[in-house]
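Chemist: Input: one structure, supplied below.
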Amino acid sequence: MLPVVRVEFGIGLVILALAAALLLFLRRHKVRRHRKRINIMRHIDTMSGADFERFLAQYFRKQGYCVELTKASGDFGADLILRKGRQRIVVQAKRWTGTVGVSSVQEVVAARHYYKATEAWLITNSTLTRNAEKLAHGTDVRVWARACLLEKLQ
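Heads up: the sequence shown is residues 39 to 192, going by this note's numbering.
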């Protein structure tokens, strides 16, 4: 009976060691992902507005969109125009240090009509004021605020 106990004990130790190794691997992977997310946001937070627009243009090209960067001034509220199939999306990009207000939502709503777009998106490294969130919801503007932006970039 003694050899059977040793075999079972040995199998138990092997299973325990494998479980510990798996947990360690998963923890390290989670820590690496967290550090990568922090680094991405730090990088974005140091960009200029124009750099943020180019960064988003590159991201959307990788997602299969045809991307047009609008001119810096007189853009009628759109920084990017995305096309994919029948979709035509205007994007207002706000690389901001404070909260994004109602005027940014109003601008992208106007851009949707001006450019005859099917959708309007507001993308920011920050957050929106409560009123800006309400207006975006009421006017069907898709918002990628800080947490959403980070999730999409993963």
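Don't be surprised by glycine CBs; every beta carbon is placed ideally from N, CA and C.
Determine the extent of the alpha helix (DSSP H) in which R150 is found, giving its start and end residues.
Modeler: Per DSSP, R150 belongs to the alpha helix (DSSP H) from 140 to 152.
Chemist: Quick one: is N77 buried, meaning 16 or more other Cβ sit within 10 Å of its Cβ, or exposed?
Modeler: Classification of N77: exposed, given that the 10 Å Cβ count is below 16.
Chemist: If you draw a straight line from the alpha carbon of A95 to that of L107, how long is it in whole angstroms?
Modeler: For A95 and L107, the distance between alpha carbons rounds to 7 Å.
Chemist: Would a C-beta distance cut-off of 9 Å place A158 and R180 closer than the cut-off?
Modeler: Yes; because the gap between Cβ atoms is below 9 Å, this pair is in contact.
Chemist: Whole angstroms are fine: how far does the CA of C104 sit from the CA of G112?
Modeler: Their Cα atoms are separated by approximately 21 Å.
Chemist: Would you say the beta carbon of M85 is closer than 8 Å to some non-hydrogen atom of the ligand HEM?
Modeler: In the structure shown, the ligand HEM is absent, as is every other ligand, since no ligand is present at all.
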